[in-house]
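Chemist: Residue numbers (the numbering used here): 7 to 318. One structure follows; several queries about it will come next.
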């Protein structure tokens with residue numbers, strides 16, 4: 007069993023199924039269902055990587071409030087350890103209201119300056135046990151205003167000193183940072199897995215090949231771009247890979263990218279080559295978007311492999 011450290015944002019998702027795009031002033035509208043789920047990139051990755059047989063330690067920050075208590079209860083119900091979860095008494099638990107259409111596409115409204123949006127990705131915040139771990143997965147770069155290059159470099163250097171691989175994804179800029187602001191940290195990253203839209207925003211480039219070159223120039227070893235319905239792109243060691251989506255049913259795309267990361271990194275840790283790991287990640291994502299909620303659909307490595315064998 008591979009020990010994995012997942013560090014990053016935690017969110018409580020309030021998912022509204024088939025609700026209206028907007029509500030006229032003074033009126034009440036109705037949806038099919040409104041439910042609460044675990045969310046946030048680090049949590050989604052941790053949940054699915056655990057289901058895929060990895061030994062997960064989650065490090066994140068929540069508020070000292072009712073939503074935080076609900077978050078902890080859901081974490082424990084999934085069988086994940088809460089030992090690495092820190093309570094912030096100044097900021098509330100980050101929550102996101104997600105409206106999902108009947109096509110599976112979604113829009114989100116997230117709490118500004120919640121606990122996840124102000125946390126430091128720092129060894130001062132978290133007492134991290136790197137012992138026996140194989141991978142540090144950071145989700146997500148640029149999410150938190152508390153992120154700094156110095157904190158990330160110290161964190162990544164400690165991971166490397168303990169022999170860990172380092173993976174990271176990113177989100178569109180809440181922190182008002184640029185790639186240059188984390189230039190020191192980028193050099194440590196073995197696998198960078200943003201979406202095409204996110205990567206284009208930060209690099210100023212449009213094509214996957216151009217974007218990959220920008221990240222490689224900054225020291226990133228392997229660049230994987232999530233292309234949505236078009237699949238995934240990867241660049242490593244001068245070679246380019248494209249893998250199409252294999253999803254046959256789309257119910258809710260929320261968390262699809264995070265589940266891809268979970269499956270992809272599991273494949274890497276299991277010794278798969280890059281192409282096979284990309285396919286395993288695509289299969290994981292396809293299963294994830296076949297139900298509502300950002301995590302919970304993925305149950306086992308066997309399930310993901312069987313889906314891949316059937317749909318590849």
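Quick reminder that beta carbons are idealized off the backbone N, C-alpha and C, glycines included.
Please state whether DSSP places residue 129 in a helix, a strand or coil.
Modeler: Three-state DSSP puts residue 129 in coil, outside helix and strand.
Chemist: On a CA-only basis, which of 123, 131, 43 is nearest residue 104? Give me that one, please.
Modeler: Comparing Cα-Cα distances from residue 104 to each of 123, 131, 43, the minimum goes to 43.
Chemist: Which ranges does the beta strand (DSSP E) cover as unbroken runs of at least 3 residues, wholly within the region 240-306, from first to last along the chain?
Modeler: Segments of the beta strand (DSSP E) lying fully in the region 240-306: 245-249.
Chemist: Could you work out which residue in 246, 114, 11 is closest to residue 23 when comparing CA atoms only?
Modeler: Taking only the C-alpha atoms, the option nearest residue 23 is 114.
Chemist: Just how far apart, CA to CA, sit residue 138 and residue 64?
Modeler: Cα-Cα distance, rounded: 15 Å.
Chemist: Per the DSSP calculation, residue 63 is bridged to which residue(s)?
Modeler: Per DSSP, 11.
Chemist: For the region 47-61 and the region 80-97, state whether three or more C-beta atom pairs, one from each stretch, are separated by less than 8 Å.
Modeler: Because the criterion of three Cβ pairs below 8 Å is met, the region 47-61 and the region 80-97 touch.
Chemist: First and last residue of the alpha helix (DSSP H) that includes residue 116?
Modeler: No alpha helix (DSSP H) contains residue 116, which is instead part of the beta strand (DSSP E) from 112-116.
Chemist: Would DSSP call residue 94 helix, strand or coil?
Modeler: Reduced to three states, the DSSP call for residue 94 is strand.
Chemist: Quick one, are the C-beta atoms of residue 197 and residue 173 less than 8 Å apart?
Modeler: Yes, the pair counts as a contact, with Cβ atoms nearer than the cut-off.
Chemist: Does DSSP put residue 49 in a helix, a strand or coil?
Modeler: In this structure, residue 49 counts as helix in the three-state DSSP scheme.
Chemist: Give the straight-line distance between the Cα atoms of residue 213 and residue 95, rounded to the nearest whole angstrom.
Modeler: Cα to Cα, the separation comes out at about 43 Å.
Chemist: What whole-angstrom Cβ distance do residue 71 and residue 116 have, given they're in contact under 8 Å?
Modeler: Actually they do not touch by this definition, with Cβ atoms about 16 Å apart.
Chemist: Using the Cα positions of residue 46 and residue 16, report the straight-line distance between them to the nearest angstrom.
Modeler: Roughly 5 Å between the two C-alpha positions.
Chemist: Can you give me the start and stop residues for the beta strand (DSSP E) that residue 31 sits inside?
Modeler: Looking at the DSSP string, residue 31 is not in any beta strand (DSSP E), and its letter there is neither H nor E.
Chemist: Could you name the residues that DSSP lists as bridge partners for residue 134?
Modeler: For residue 134, which the question treats as bridged, DSSP gives no partner whatsoever.
Chemist: Which value, in whole angstroms, describes the spacing of the CA atoms of residue 2 and residue 315?
Modeler: With the chain covering 7 to 318 only, the question about residue 2 has no answer from this structure.
Chemist: Do you know how far the Cα of residue 220 is from the Cα of residue 118?
Modeler: Going by the C-alpha atoms only, they are around 30 Å apart.
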